[in-house]
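First the structure, in the form of structure tokens, and then the observations on it.
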Amino acid sequence: MTNTNTDKYILATKDWLQQVVIGHNFCPFALKEFKHNRIRYQVIPEKKHAALLNALIQEYYHLDTHPSTETTLIIFPYGLNQFERFLNLLDHANDQLIQHDYEGVYQIASFHPDYCFANADIDDPANYTNRSPYPTLHLIREISLEHVLKKVKTPKAIPERNINHARALGLQAMQLMLQNCYQDNDNK
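Here it is in structure tokens:
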């Protein structure tokens with residue numbers, strides 16, 4: 002994969018993070034790490050399940066040995082376009098977290114262009130709180146998350162606030178925001 006392709010995926014993901022996630026405060030913790038450039042973006046070009054899982058292990062090792070990297074967004078532009086296949090990888094990734102003794106050290110958040118919450122209508126704007134330009138797994142240091150959550154008055158209210166905000170913005174606005182992450186990079 003050329004650097005241009007890699008750059009394309011990273012730029013779209015950064016735009017999504019800045020415009021959607023941070024711009025609408027879907028993750029109140031993202032701004033600080035984004036501003037301080039402590040987010041690592043990894044593009045994994047492989048398609049095979051085993052290679053994708055191996056990339057996750059390598060990223061855990063990277064985070065272990067690079068404490069200045071707070072979190073990683075692993076972008077999978079190939080092979081996981083089907084949401085069910087992505088969820089299957091997520092299940093295996095969570096199993097792998099336990100098998101490699103990383104449970105309690107890291108946790109995984111998931112984002113996908115076709116993300117749909119269980120029991121939600123596919124056109125529910127709330128799905129866009131987890132829709133990203135490309136299939137993406139977010140590796141989060143649990144200790145950092147616990148530390149940040151202590152500073153939030155009602156952390157359990159965050160998902161409900163996000164759902165209400167996305168629905169208030171509406172489906173078309175949420176769709177347009179995601180589409181703009183691709184288009185903005187076509188002009189760069």
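FYI, the numbering used here numbers position 187 of the sequence shown as 188, with every residue one higher than the one before it.
Using N, Cα and C, we set each Cβ at its ideal position, and we do this for glycine too.
If you're wondering where the values come from, they're calculated on a predicted model, not measured in any experiment.
Inset, instruction - Identify, in the order they occur along the chain, each residue of the same chain with its Cβ nearer than 8 Å to the Cβ of Phe118, setting aside the five sequence neighbours on each side. - result: The answer, listed in chain order, is Asp125, Ala127, Asn128 and Asn131.
Inset, instruction - Check the DSSP bridge columns for Ile76 and list the partner residues they point to. - result: Looking at the DSSP output, Ile76 bridges to Val44 and Thr137.
Legend entry - Residue span of the beta strand (DSSP E) that contains Ile109, given as start and end: Tyr107 to Phe112 is the extent of the beta strand (DSSP E) around Ile109.
Legend entry - Residue closest to His37, alpha-carbon to alpha-carbon, out of Thr14, Ala52, Asn55 and Glu71: Glu71
Legend entry - Residue environment, Glu85, which counts as buried when at least 16 other CB atoms sit within 10 Å: Glu85 should be labelled exposed.
Legend entry - For Asp65, the nearest candidate out of Ile141, Val149 and Pro78 (CA to CA): Ile141
Inset, instruction - Check whether the Cβ atoms of Leu146 and Ile75 sit closer than 9 Å, and answer yes or no. - result: no
Inset, instruction - Could you name the residues that DSSP lists as bridge partners for Asn142? - result: First, the amino acid is wrong: residue 142 is Arg here, not Asn. For Arg142, which the question treats as bridged, DSSP gives the partners Tyr107.
Inset, instruction - With DSSP as the reference, label Tyr10 as helix, strand or coil. - result: helix
Inset, instruction - Measure how close the beta-carbons of Tyr79 and Tyr107 come, nearest whole angstrom, since I'm counting them as under 8 Å. - result: That belief does not hold up - the Cβ atoms of Tyr79 and Tyr107 are roughly 24 Å apart, past 8 Å.
Legend entry - Pro114 versus Pro134: straight-line alpha-carbon distance, rounded: Those two C-alpha atoms are separated by around 6 Å.
Inset, instruction - Ignore the nearest five residues each way along the sequence and tell me which others in Arg168's own chain have a CB closer than 7 Å to its CB. - result: Pro126 and Ala127
Inset, instruction - Put Gln83 into one of helix, strand or coil per three-state DSSP. - result: Here DSSP, grouped into helix, strand and coil, assigns Gln83 to coil.
Inset, instruction - Please classify Pro160: is it buried, with 16 or more other beta-carbons within 10 angstroms of its beta-carbon, or exposed? - result: exposed
Inset, instruction - Verify whether the separation of the beta carbon atoms of His63 and Arg41 is less than 9 Å. - result: yes
Legend entry - With 16 other Cβ atoms within 10 Å as the buried cut-off, status of Pro136: Under this definition Pro136 is a buried residue.
Legend entry - Limits of the unbroken alpha helix (DSSP H) element including Leu57: His50 to Thr66
Legend entry - Nearest neighbour of Asn69, chosen from Asp92, Glu34 and Ile99 [CA to CA]: Asn is not the amino acid found at residue 69; the sequence shown has Ser there. If we check each option's Cα against that of Ser69, Glu34 comes out closest.
Legend entry - Straight-line Cα distance separating Leu18 from Ala158: 21 Å
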